[in-house]
Structure formats: structure tokens, C-alpha cells
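Comments concern the structure below.
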Amino acid sequence: MEVAGLVIGAIGMVTAWNACVQAFDTVGSVGSFGLDHQIIQVKLEVERVRLLSWGEMVGLATVQPGQSNPDHIVDQRLNRDDMRETVMKLLGCIQHVFNDTDSLQRKYGLKQDTSAAGGETLSLITTSNGGQLILKSVFKRAYVNLQKSAKEYQQNTPLKLRARWAIGDKAKFLDLIAEIRGFNDSLVSLFPDVTSKTAARLREDIDASDEISSLQLLEQASADEHEDIWESASMRLSNLGQTATGPSIAPFEDKKTETASIAQVPVNNDGDDSWEDDNGQPVTKAAKRELSELEKQLEALESFCKRKSSGGLICRVSSGGLRCYASVYWEGDNRDHSFSHWDDELKGFVPSAHQAFDVYRRKKYIQKIRQDNYDIPTSEDYVLLDIEDNPKYHNVRPGTITVEGFGLECWEYEEKFGKPRDQRILVNASDMQNIPAKKILRRIHELKTNPGALGWHPTQEIEDLREFAGAQFASGYDLAHRERWGLFSSFYQLLNRRDLFINFTTSSSIMVAATGPNSKGIWNFLWQIILGYELVRRLEQPHDGSATGFTSQVLTTLIVADQWIHNVDLVLVDQKESAEEKEARKKEEKEAANALKDKGNEAMKKKEYQAAIDFYTDALDIEPENPVLLSNRAAAFISVEEYQLGCDDAQAAVDADPTFTKAWGRLGLAKLELGDIQGSVEAYKRGINSDSTGGSAIMKQGYENAKRRLANSPAGGNVTQQTPNSSVVVADKEKKKPDAKKKDKSAPWDDAWDLEGKSLEWHSLVHEKQIEGLLRFAEILKWPFMNETRDYAEDVYGNIRGGNTVPPDVWDWIYGMVLPGKWMAYKIFAVLVLSTPSLAKEIGTAHYFDHGLSLPKQSYWRSRTVLGRVLGSLPGVKFACGRVGPCPPIESPHRKYIRIKARRVAPPKKDSDVIHVGGFGADDGEETTRMREGEDVQQWMAELRDESNWAIPQPPVQQMTTCSVEKIRVKKLPLNASFVAKSSKMSEAEVEDEIEYRASIEFKIDNLPPVTYTLYTNPVFVTLPACRGPIHSVHTRELPKFRRNILNAEDLKEVEAADYEESGLIVINATGKGAETVARAWCSERGKDAAIRANGGPCFVCAYNNASAKGLGIG
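Numbering-wise, the sequence shown is residues -23 to -1, 1 to 1092 according to mature numbering (1 follows the signal peptide of the UniProt record, and there is no 0).
Structural data, given as C-alpha cells:
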């Protein structure tokens, strides 16, 4: 019955989904209403396309009529009763919108089309609304699947429609579209991972379409409600050389409007031979022939232009979901995405110079099952830890970033200065059990040595997790379907607890986070390591689906847990303690055991026997052979009629102390209740004889009672005594009451990690690699204290193992425990200074991530600070792990950390709380290759096809200018007034840490007077990758813009950017020696980002276009 139910459920959902997508055709294109009605119909059809794409992604489109086992084909989440019920309700709501005749007329302003016969069977093969006619040429795959499924399902379940409708009131009809959009949003929200896949599928269809009229209508129709679709359509139009034309766009197939560009030439791309106008009337054969011929000519022209731009560089910045992206591709590059790693060197990504530097780049943990070529982001990709940790951020040219890095800069800027997002997460707030230290150590050892393969024993795996995550952990996890996003959600909810676990981004040191005064304690730290690595193991297995709650705290837990398991070894060694230390420890343990014993005694007096058992058991964990504790717990067990357990404890007590009279009495009582009357008599007798007073009255009474029982026993004392709670003698400890303390099945393995008489040592498994990496870092940056640093570094781990104390930063580095990005950049430089004792003694470590270091003969700066970016272009300056150097020294001060103040340059087109980047339209005004108003189309096409009208723009000529850095000055800025008020209570060093400086650079250019640039802002410099193929040419109409605004380095000081921006890009000729540094300094003073065309980079045309608003929008 269960399987049949699943089949019926899957088929029912498929039928309902097909009915919904077909129901859109109840609204037809009736009459000639012009552009507004076309846009409204496209808005409606966009919702159908979304519903189609959603159905494809969850597998409904792949189920065929009569298919066996459809539940195996659809998304497994649809097999859950709650999910299936919700989906069916939403699909039913969509059907109701189209079937409710009264609402269609009264609420949504539709008018009945009386030309449609009642009861007509709807066929998508013969009937199309206006929106479908337009979008079929864009979303071809979706409509092919729609027509295919319509044929199949109409043969089995024909949809009877009593009426077709036409738009009467546009305002009311928009309410209908909004309602359907809401139902679509609800369907998508049930499957969060489907959102990005659907967006990628639609984006690919849009990128493959050349139908400009359709794309322009799609752009207008999606502008308000679907930013991702609007952005893809706009970008595609930009790639096709078109800009948004606004209300002046011609209606689709409206011959009355004068054509002004390719975008306004009607073409038929539906794949059939029938042409209709807006009135549904066939187009004449003569008109068809004329349009077909023009279409062929335009296609030929398009092919000609594509050949001209083949291999051209295309850089775009776009927003997808919760972040910004920048991408690089080449015109005509149709290679599979799997080859993209071949382009890494071409794009300028920085390779790792040493294995120890790998941690600078963030590792990716979530592995998805790839069913297509899309690089679909996961929830991990939406966590902004630090943009430096992305391997695609830095360019090999010091001080510059890649195109992808520019997208990351835009994302970070939006996160810091944009509209705050409401980020709410679920947190597991349940009470957690205390986990013994030996259990934690045992599990860490297992995870390091033999964690076992996942998936073979799912029930046992969940039970093992609950040993550390609580009995209710993953209570909603469906073992049958193994929907791992539910399990991941449980992990996220637990690891996001701030009361138990630390967010490592809030601490400068992992060691301090684990053991410092503000830590959660070493055992909570190790507990967090266990949970984090258990999650790492599961995330690294390819899977589909996603879960909310993946935060920076979860991510850093994964990073630290992964590093700890691979880099650190925990070793138990015999504790070496003096006689005094041993005596003190035993005294402390005895006091703790006595305190627990007293609590147990109080519980016994209150007849709270189970609580007493627990207290005595905890005390016995400290003193396992204490006869008093054993005897007292025996009494408690006897009180709850657990006679065998009481007998065992009493026996252990008298074994430990044969003179313990009370224990003998309790042993006698337990044996008597168990039916061992002879043993009871002997126990009482031993107790009386061991008491110098001849035994207490209770002991004597028990002895006499046992003797009478023995005399009356026909079996000579070996009888079975039945008790109210047992039918036979219960000798098995597993038969005790459920509320009695259970024995842990892992106890024998845990005992191997008992800390009794042991001490815990932390051994680094990577110390040699880390030392080599530190020295390699020093070599790259030409560290002036190399010998002193080497002497310290080579001995530091031996000093740690010998018991010497080292700074937390050194410990972190030697043990390989470092967060990526700015944390790694800070850590390795701090360790470099600390490994130079003569310098460390004087200046210590930096207080902020972006502090630079001033030395008498050189300086070192963070790569993302303004001096790092400007001075990175100097010869001999190298980049390593977020640092650049050696740079020229500043005038003063020396042997000091310096923090430079420079404001960030906003990304292009910042508007209110929203950042709009890329694709703003042509930057060249009237100088365009597009057809002008009133221009003859044949003449225009002939001019574009004429090879003699194409030329290669001349790039700026090589300059012989020589520019050199004369002086670098820093000016101390006044402290913030609020800080000054409290600085009197701070040390001089603490106040010094808060001081900021403004930098300026004095240049000497040939024989000209020195010129100084003050670095007010911190711009970004994007190194563009090379284009492909021959140097690209442009039409003569475009040539003038490539000749304007070309400035030489010696002229920059007198240039105001605002005087040139209206006429296009500013092109700085920085081909002279040292001129690039001058250009970068000018950009900093004037607040301008810049794109750099370096040797081996793109041609002048590609560099110009991608710096302009058509590309990155930097210029």
C-alpha cells in the first residue's frame, strides 16, 4: 500500500503540474493592444517559465504517463507526505486562479473570448498566447518540454476549458500575475537548492538567445519582479550591442512601427511555417518573403560581427542571490566548464609558493552532486569570511587583483555599507549532557586513526553522533530517505550555539580561543572539534540539497576541526609529580568524593534512592575501591530492590576491607533476598565476628533471622527466593531498572584515555613544514634579519616540547592552526617578527590586521592597504600571503607598526543602499555601430560589412619617461575625540596602537620639479587577462573614443577626472619606467579604481571595453 501511495502521489503531482502550466493558455492574445499588453502577457508567461523550470528541476517533467516507480524519478523530498501535500495545495491554488470564472472577471479584469468553443480541448500545439509567442524564442528548452508533455498527458488526461480570456483591465490583471508569482515563490522556497539551479538554467537560455526583440520585451517585463532574469536579459542585450530602449521599443511583430535597429526587426523563430499578426491574421506571402530575406541578411551580418570579436575578452560583474560575482570569458569560447581550470594562469591567479601557505586560501567543504555544467553556489559560498581567502582574489602582479577579485570587493562593500540583511537562524537550545574527558579523547583518536566509512550503518552512525550531540540530535532525520540536508541543519543549529562553542573569528589565536581566560574551556573546545569534524566528513561526500544556518561560526569550526585532526596529536603520558603534588592531588580527590558521598547520604535520608545511587556512582568514579562508598551504594540498591547490584557492591566493599561490619550486614541482607540463605548466614556471622563489640542489635537480628530461614529450608539454604519485582534470581546487571545508571557501551575503550595519573601532551604533526614555510616567506620578502630568524625558528618546537612557553601566535603557526585570509596574513608576519628576538622585544606584534611595518631600510605593507597597492608596482617588490615587500622605507618613524588611513572607493554606480555594477549601456554616446534613426537598413548593413571600415585602434605609444619614488611620508592624524577622553587610563603602547597615519609619496619625473600625491583613498587595481586570437579591430564609427582622454604620467597632477569623464574613459599612458606607480598614486589621490593592461594582457580594444561601463564599469 505504501508503494502504491507513492506512485499515485507522484503521478498526481505530475498531472497537477501539467494542468497548471497548460492553464496559462486560457489567457490569449486577443485584438491589437500594442506594447503595454505585450509586456503584461510576457509578465504572465515568465511565471509559466518559472513553473516549467521548477517542475524540470524537481523531476516532474521527466515522469512519463504510465511510468513505473515514478517516486524514484522525482526529487526524493516529494515522496514525503508533508512535502507532497504542500506542493499539491500550491498547485491547486494556481489551478483555482484560472478556473474561478467569477474572480477572473470581477477581481482580475478579464473578458471572455466568445470565439473559443465551449468544452474545447486545449492543445499547446495549435494555440499560443502572446507571451508564449515571444518567449518561445528565448526559453526554447522549456517550451519543447512543455509541448512534449502536453501531447503525452492530453492523450490520457485532456484538460477541458470552458472559456478563453482576454485582458480587459491591465491594473487588475497585474494582481493575477502577482498572485501566481506568490505561489511560484512558495514552491521554490520549499526547495532552496532548486533556486540557484533554476536561475542558472534560465540564464543559460537567455545567454544563448539572439532574438533581440524578445529579449528587450523580457527585460522590460522582468524589471520590477525578477531582478536575476532582468539582469541576464540586460547583459545579453549589452553583449549583442543593444541597450535598453525603454518605452520606445517596438511591439513584437508590429509592422506599423518604423525600424531603428536590429532589435526592432521582426523575425520568426518558432520553427513552424505559420506567421500571424496581433489580430491572429496570416501575414501575406510577399511580406513573409521580404522579412525572410531581411532575416537572412541580418543573420549574415551578425555572423560577420561575431567573427570580428571572436576571442574578445568579456568581463562582467553581476549580482546573484546574496552576493556579487565577477566573471571572465571569451567571445565564442564554447568549451565545457571542466576546462576552466586551464585558464587560471591566464587569469592571473596566484599559485601557492609553499605547502604551508595553502591555508591562506579557504578550503571548500560542501561537495555537490553535479548533474550539469553549472558551478552552482552552495550556502558555504554565501559566507563572507574574508575576501582574501578566495584563491581567485589576488593577481600575480603585486598590489592588484583579478577580475573575480573585483567582484569580491563589490560583495564586501555591499555587505559593509549596503542595506543590512535580516539573517535569522535556528539554534539548538536544549540542555546538553556532560561528556567525560576520556570519552572526548577516545573519539578524537578514532577520528584521527580509523573513523570508519560513512553510509554502511546509518542507524549506528546517528547513535554515535548522539553520544556527543544529545539524544534528540537529528530527531527529524529520515533514515529511509537519508535527506542529509536535515542532518546538516541539526549540525548547524548545534554548532551555532554561542554559550557552548566559540566563533573563532572573534579571537586572534586558536590557542587562546581553546585555553584563554575567555574560552569555553579546553574540553568544550575539543567537543567542538569532534562535532566540526563529524560535519566535515559528511559535507565532503557529494550530495544535493541545502540547509539554512551555515554561518561564519560553522565555517570556522569546520576549518579548525579539519586542521586539528590532521595537524595535532594528543598523547597521554605518565604524570610526573612530586610526593607533595601527589599528596595534594589525593587530598583534593578525597574531598571531592566525600562531598558527593555526603550528598548521597542526604538523598538516602530523604528516601531519594536513585539520586543517592547517582551521587555514590560519581564518587566511585573518583575513588573506585572506597569500601564506604561501595557499601553505601549497596544499601541504596537494596532499597530499590536491586538485590544483585547491591550484593555485588557489598561483596566489593568487604573485599576491600574485610573488617567493615556494615558491608557484611548489607551483603547478608542482599544474599538473603536473593535466596542464598547459607551465604547470608555466613556473611552475618563474618560481620559479627569482625566487630569487637560483638555486633550491633540489627546485625544480630539479621543473623538470627537468616538462621531460622536456613533451618526451615528444605534445600539446605540453596533456594530461589521470589521477590515482588523478580520471578527468578536476577544476577544480570542488564536486568536492572531503566532509571538505574546505565553502563556506557564504549566504557572499555574510554578507559584507555582515563586521565588518572596521566598528563595530556599536544604534539605537532606539521612543525617541520611550518618552519620551512616561515623561512620561505622570509626569503620571498627579503627579510633583513634572516639569520636571527632561522636560528630561533629551527629550535622553537624543541623548546615547546621541552616545556618552554611561547607566544600564542607562534604556537598557532607551529601546530598549523590558522584561519585563512587576513588571519593567515597577520599570523605569519607576526610569527616572523616574534622569531626575530631583537625586533620582537622592541615592537611585539601588531594590534590590527592592516598594520604595516616600518624599518630603517625597507617597509612591509598589507596587500589590501593603499601603500601595498601603490608600491606593489615597484621593481623588486614581491607578494606573499597578503603582504608586499620589501618596499622603500618611509622617512620616519622606524622600527614601528604603522596603520595607514585611506577611505574605500565605492564600486561603480552606488545608488542609495543598492550597488549596480556592470552593463550600464554604451559609454560612447552617439558614436555607435547601431543603426541610427532614419538610416537606411541596407546602407547600414553594407557599411558594417565593408572590411575597409574596420581598423585596429593604436594603443598609447611607449614613453621614455623615468619616474622614481623620492620620499614616502606619513603624517600622524589626531585621535578620535571619544577615544582621547578615555586614553588617560591606557598605557602609552595602547594609545600608540590606535594612531592612524596618512601617507604621501613624492615622485621625481625626469627633470621636472618633484610632485607629491597624497593617498586619500584606497582604490583597487584590476589586472585584466589577455584576450585570444588576433588583435581585435573596431568599426570606424568607434575609433574616436579610443583616441580621447589619453594622459601621460607627467601630466596627471594637473588633471581633474571630472573634466574627462563625460567624454569617456581616462586612459593613463603608464608605459614609462616607474610610471605605473605614479598612475596608481594619482588614482588614490583622486579616488579612482583602475583596470590595468599589462604586458601580455589584452589588446587595447578589449582593455578599453572591459574597463568601461560595458564591462566592469571601473573607468
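Even glycine gets a Cβ: it sits at the ideal position worked out from N, Cα and C.
Bounds of the beta strand (DSSP E) holding residue 980 are 974 to 982. Contact between residue 375 and residue 854 is confirmed by a C-beta separation of about 5 Å, below the 8 Å threshold. DSSP places residue 790 inside the alpha helix (DSSP H), whose first and last residues are 785 to 791.
Secondary structure note for residue 551: its beta strand (DSSP E) is the uninterrupted segment 545 to 551. In the structure shown, residue 86 falls within a coil segment according to DSSP collapsed to helix, strand and coil.
By the C-beta criterion, the region 330 to 342 is judged to be in contact with the region 788 to 804, since at least 3 inter-stretch pairs fall below 8 Å.
In the structure shown, the three-state DSSP call for residue 944 is strand. Beta-bridge pairing by DSSP links residue 820 to no other residue. Exposure of residue 147 is indicated by the presence of fewer than 16 other C-beta atoms within 10 angstroms of its C-beta. Beta bridge pairing from DSSP links residue 1069 with 1000. Spatial neighbours of residue 499 in its own chain (CB-CB distance under 7 Å, excluding positions within 5 residues in sequence) are listed in chain order as 491 and 492.
By DSSP's assignment, residue 411 forms no beta bridge with any residue. In terms of Cβ geometry, residue 195 and residue 210 form a close pair [threshold 8 Å]. For residue 735, the enclosing beta strand (DSSP E) begins and ends at 735 to 741.
By the Cβ rule, the region 787 to 796 counts as touching the region 535 to 546, because three or more pairs are nearer than 8 Å. When DSSP states are grouped into helix, strand and coil, residue 857 belongs to the strand group. Spatial neighbours of residue 1030 in its own chain (CB-CB distance under 7 Å, excluding positions within 5 residues in sequence) are listed in chain order as 988. By the Cβ-count criterion, residue 652 is buried, with 16 or more other Cβ atoms from all chains shown falling within 10 Å of its own Cβ. For residue 388, there is no enclosing beta strand (DSSP E); the residue is found in the alpha helix (DSSP H) stretching over 380 to 394. A contact is defined here as three or more CB-CB pairs under 8 Å, and the region 63 to 72 meets this definition with respect to the region 148 to 164. According to the DSSP assignment, residue 180 belongs to the alpha helix (DSSP H) that extends over 169 to 185. In its chain, beyond the 5 residues on either side, 547 and 549 have a beta carbon closer than 7 Å to the beta carbon of residue 737. With fewer than three CB-CB distances shorter than 8 Å, the region 754 to 767 does not count as touching the region 444 to 454. Classified as buried, residue 530 has 16 or more neighbouring CB atoms from the shown chains inside 10 Å of its CB. Per DSSP, the beta bridge partners of residue 949 are 974. Taking every protein chain shown into account, the CB of residue 215 has 16 or more other CB atoms within 10 angstroms, so this residue is buried.
Counting every other CB atom within 10 Å of its CB across the protein chains shown gives residue 114 a total of 16 or more, marking it as buried.
Across the set 480, 35, 951 and 1083, the C-alpha of 35 shows the shortest separation from the C-alpha of residue 171. When DSSP states are grouped into helix, strand and coil, residue 16 belongs to the helix group.
By the CB criterion at 8 Å, residue 208 and residue 158 fall outside the cutoff. Assignment of residue 1024 by DSSP, reduced to helix, strand and coil, places it in the strand class. Put simply, the backbone Cα of residue 14 is about 36 Å away from that of residue 304. Looking only at 379, 364 and 343, the smallest Cα-Cα distance to residue 321 is reached by 379. Contact holds between the region 590 to 599 and the region 568 to 576, because three or more Cβ pairs, one in each stretch, are under 8 Å apart. If you draw a 10 Å sphere on the C-beta of residue 368, you find 16 or more other C-beta atoms in it, and that means buried. With a 10 Å radius around the Cβ and a threshold of 16 neighbouring Cβ atoms, residue 1021 comes out exposed.
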